[in-house]
Amino acid sequence: MKSIDFCIQYLLDYNNAELPDDLSKEKALRTLMNITTPDNLDSVFYKEQDKALQEILSKKKIVELSDLKPVKGKYYIYVGDITLIKADAIVNSANKEMLGCFIPLHSCVDNAIHSYAGLEVRRDLMKMLSENPSYQPVGHALITKGYNLPSRYIIHTVGPTVFGRNPTEENINELRNCYLACMDAAEKVHAGSIVFCSISTGVYRFPKKESAHIAIKAVDDYLKEHPESTINKVVFNLFNENALDIYKRAIEEI
Ligand code: ADP
983 MKSIDFCIQY LLDYNNAELP DDLSKEKALR TLMNITTPDN LDSVFYKEQD KALQEILSKK
1043 KIVELSDLKP VKGKYYIYVG DITLIKADAI VNSANKEMLG CFIPLHSCVD NAIHSYAGLE
1103 VRRDLMKMLS ENPSYQPVGH ALITKGYNLP SRYIIHTVGP TVFGRNPTEE NINELRNCYL
1163 ACMDAAEKVH AGSIVFCSIS TGVYRFPKKE SAHIAIKAVD DYLKEHPEST INKVVFNLFN
1223 ENALDIYKRA IEEI
């Protein structure tokens, strides 16, 4: 039996779930992973899941940091899917439970990262958070391994949610704290490179333009305050080209 078929059947039984008929195998696996609470998965499942995810990854093009040109100094921009870049650490814009997105096939970055890294990530976060299972504070960061992603580590941070038309002072400080906490977390594992997704600029509605300036200033301040930092490549990841010029200009201005 192929690994992906084994995993789909295993998770259907584990969750006592049903799937629509028209899903591809990759989407069926992702759907089932999204809804799974991994408190009792056996090691055979993880082995087969890793094989299935590695096979899926082998059909995609991995982006190496050497494929990117710096915009200025240590700063790079990568337009594309964060689950396909190979770095020491990538940043996940997590939700307040910090256990990944449970909505099947949801388009958020949290869902993509958990789906392609594997259920080990949710399992590890559950363990880490077991002593304090309430909502995680905005502006902090937790680190897990990257498992089946090309990158070694995932840094999970909860960004601020913007409720009104414009971000509040508190939202702005919280977003800055996310970037600083992620730099700190990356430094703790001696990462040389970190790739930031655009924290809070999707479902959490932080305006992209303002967030670009906050992100770049926070990281630049961090590196100026930590001249011995191990981090020598900082990549700002955008999912599409909409904010590309804003990022380029903001980097050139620092
Ligand atoms: P938040 O809840 O923090 O707003 P979202 O996932 O909704 O998180 O959006 C954060 C940013 O991540 C958005 O700019 C969105 O376009 C981007 N994004 C979504 N999926 C991916 C992905 N696979 N790779 C990189 N960026 C992504």
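Going by our numbering, the first residue of the sequence shown is number 983, and it counts up by one from there.
Virtual Cβ for every residue (Gly too), placed ideally from N, Cα, C.
Start and end residues, beta strand (DSSP E) containing residue i
| i | result |
| --- | --- |
| alanine 1071 | 1071 to 1076 |
| asparagine 1219 | 1215 to 1220 |
| leucine 1124 | 1123 to 1127 |
| tyrosine 1186 | Careful: tyrosine 1186 lies outside any beta strand (DSSP E) and carries neither H nor E. |
| valine 1140 | 1135 to 1140 |
| isoleucine 1059 | 1057 to 1061 |
| valine 1177 | 1175 to 1178 |
Contact test: residue i Cβ vs the ligand ADP heavy atom, cutoff 7 Å
| i | result |
| --- | --- |
| cysteine 1160 | no |
| cysteine 1090 | yes |
| alanine 1094 | yes |
| threonine 1183 | yes |
| asparagine 1219 | yes |
| cysteine 989 | no |
| tyrosine 1058 | no |
| threonine 1065 | yes |
Enclosing alpha helix (DSSP H) for residue i [first to last residue]
| i | result |
| --- | --- |
| serine 1025 | 1025 to 1040 |
| isoleucine 990 | 985 to 997 |
| serine 1089 | Premise fails: serine 1089 is in no alpha helix (DSSP H) and is neither H nor E. |
| valine 1053 | First-last for valine 1053: undefined, no H or E at that position. |
Buried/exposed call for residue i, threshold 16 Cβ in 10 Å
| i | result |
| --- | --- |
| threonine 1018 | buried |
| isoleucine 1233 | buried |
| arginine 1012 | buried |
| valine 1026 | exposed |
| alanine 999 | exposed |
| arginine 1231 | exposed |
| aspartate 1021 | exposed |
| serine 1180 | buried |
Cutoff 8 Å: residue i Cβ touching any chain D Cβ
| i | result |
| --- | --- |
| glutamate 1102 | The structure shown contains no chain D, having only a single protein chain. |
Can you confirm whether the segment 1105 to 1123 touches the segment 1070 to 1085 when touching is taken to mean that 3 or more C-beta pairs between the two stretches lie within less than 8 Å? yes
Would you call the segment 1133 to 1152 and the segment 1179 to 1193 in contact, with 3 or more CB pairs under 8 Å? yes
Inspect the CB distances between the segment 1037 to 1047 and the segment 1152 to 1172 and report whether three or more fall short of 8 Å. no
Does the segment 1058 to 1069 come into contact with the segment 990 to 1006, if we say contact requires no fewer than three beta-carbon pairs (one atom in each stretch) closer than 8 Å? no
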